[in-house]
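Novice:
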Ligand code: SF4
């Protein structure tokens with residue numbers, strides 16, 4: 207009987223970001239992240255010491271699922287050694303799994319789990335991406351404030367990977383024009399908007 211510290215669960219809702227935007231999903235948000243992005247919209251800018259951390263059994267989490275696809279996010283889900291067990295149990299229930307990670311940590315999850323790599327090393331250089339994740343990631347999602355983010359990672363991104371440029375929500379008025387310029391230079395990259403925030407769902 208494996209337990210994990212849970213920040214919150216919710217669903218059914220839609221995936222608002224990246225490759226699977228617009229698809230129905232349930233979310234499981236694991237508790238905790240040490241990376242410390244100043245604009246963190248999940249509450250971990252200061253480590254989140256006072257945020258929810260309820261220990262839940264994997265079997266109880268699976269019993270609540272309603273959607274065919276499950277997004278595991280955080281915080282940073284890869285800090286939890288129980289993550290591979292959670293992913294495998296969800297897949298065994300007939301669902302697909304997507305994991306959203308900064309890439310600063312790695313757990314040996316199922317090879318069929320979709321991994322969204324959203325690196326934050328340009329904000330917190332103490333947390334570089336674990337090298338294997340540049341290969342293992344199924345998509346790269348860069349949060350854009352100034353446009354310099356792309357240059358920081360350009361040599362590390364594999365040419366075949368889908369890349370999504372997403373405006374940092376609080377800076378989107380200035381970031382969207384920057385992204386439109388970047389898309390002219392990289393026409394195989396795509397704009398990612400946080401659809402869930404535009405339609406007011408969690
Ligand atoms: S890596 Fe993600 S969860 Fe962690 S502080 Fe940065 S934005 Fe928040």
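In this note's numbering, the protein residues as written are 207 to 408. Each residue gets a CB set at the ideal place from its N, CA and C atoms; glycine is no exception. What you are looking at is a predicted structure, and each value in this text was computed from that prediction instead of being measured.
Give the range of the beta strand (DSSP E) segment to which residue 367 is assigned.
Specialist: Residue 367 -> no beta strand (DSSP E), and no H or E assigned at all.
Novice: Cβ of residue 222 within 7 Å of any heavy atom in ligand 1?
Specialist: False, no ligand heavy atom lies under 7 Å from that Cβ.
Novice: Taking 7 Å as the cut-off, is the CB of residue 309 close to at least one heavy atom of ligand 1?
Specialist: Outside the cutoff, so no.
Novice: For residue 379, which three-state DSSP category applies?
Specialist: Reduced to three states, the DSSP call for residue 379 is helix.
Novice: Is the beta carbon of residue 319 within less than 7 Å of some heavy atom of ligand 1?
Specialist: It does not: the Cβ of residue 319 is nowhere closer than 7 Å to a heavy atom of ligand 1.
Novice: With 16 other CB atoms within 10 Å as the buried threshold, where does residue 213 fall?
Specialist: Residue 213 is buried by the Cβ-count criterion.
Novice: Tell me whether residue 254 is buried or exposed, calling it buried when 16 or more other Cβ atoms sit within 10 Å of its Cβ.
Specialist: It counts as buried.
Novice: Report buried or exposed for residue 405, applying the criterion of at least 16 other Cβ atoms within 10 angstroms of its Cβ.
Specialist: Exposed, since its Cβ has fewer than 16 Cβ neighbours within 10 Å.
Novice: Suppose you measure from the CA of residue 407 to the CA of residue 259; what does that come to, to the nearest Å?
Specialist: One C-alpha to the other measures close to 23 Å.
Novice: Rounded to whole angstroms, what's the CA-CA distance from residue 395 to residue 324? Just pull it up for me.
Specialist: Roughly 14 Å between the two C-alpha positions.
Novice: Using 8 Å for Cβ pairs, my map puts residue 372 next to residue 338. What's the rounded Cβ distance?
Specialist: Wrong, their Cβ atoms sit about 23 Å apart, outside the cutoff.
Novice: Using only alpha-carbon positions, find the residue among 374, 398 and 403 that is nearest to residue 246.
Specialist: Of 374, 398 and 403, the residue nearest in Cα terms is 374.
Novice: Which one of 376, 397, 361 and 383 has the shortest CA to CA distance from residue 369?
Specialist: Of 376, 397, 361 and 383, the residue nearest in Cα terms is 397.
Novice: Per DSSP, which one or two residues make a beta bridge with residue 216?
Specialist: Beta-bridge pairing links residue 216 to 233.
Novice: Considering residue 262, what are the terminal residues of the beta strand (DSSP E) in which it resides?
Specialist: From DSSP, the beta strand (DSSP E) with residue 262 extends over 260-263.
Novice: Quick one: what does DSSP say residue 326 is sitting in, helix, strand or coil?
Specialist: It is coil, neither helix nor strand.
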